[in-house]
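>
Numbering (my numbering), first residue to last: 4 to 138.
1. Measuring alpha carbon to alpha carbon, tell me which residue in 20, 9 and 65 is nearest residue 121.
2. Rounded to a whole number of angstroms, what is the C-alpha to C-alpha distance between residue 85 and residue 55?
3. By the DSSP assignment, the beta strand (DSSP E) with residue 80 in it spans what residues?
4. Where residue 28 and residue 125 are concerned, what is the direct C-alpha to C-alpha distance, given to the nearest angstrom?
5. Output needed for residue 129: all residues of its chain with C-beta closer than 7 Å, excluding positions within five of it in sequence on either side, in chain order.
6. Can you round the beta-carbon distance between residue 48 and residue 65 to whole angstroms, since I take them to be within the 8 Å contact cut?
7. I'd like the list of long-range same chain contacts for residue 33, defined as Cβ closer than 8 Å, with 5 residues on each side in sequence excluded.
Structure below.
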């Protein structure tokens, strides 16, 4: 096998492996976004099921930090927030997650086509090498 075929074969293998690796990364990211969407949907459903009258006190987790805001703070880990703010935040987060999932799906399709192209090119190149060796 000559130098140019060797170089082309190596390049196509590298492209295929890189596309395969990127697809795995995209799948992992999509799974994480799906978990986020499920948690957001379930949380929103629970909050929407709470009675509106009398209003129920809602808290949002802020982790372990000190806040200097005039918001009521409970044990430095939760802040009291209006139900509407929490619902709006969750709806915004759900929309963002859906947008991210759409982007990841497009990226996945592109990477799959790139991987299929590399695989097809590899197959063609190997067939060409076999023909040359048989001649």
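Heads up, the beta-carbon is just placed ideally off N, CA and C, and yes, glycines get one too.
According to the structure shown:
1. For residue 121, the closest C-alpha among the options 20, 9 and 65 is that of 20.
2. 11 Å
3. Here residue 80 belongs to no beta strand (DSSP E), and DSSP marks it neither H nor E.
4. 23 Å
5. none
6. Contact flag wrong, Cβ pair sits at about 22 Å.
7. Taken in chain order, the residues that qualify are 104, 107, 108 and 111.
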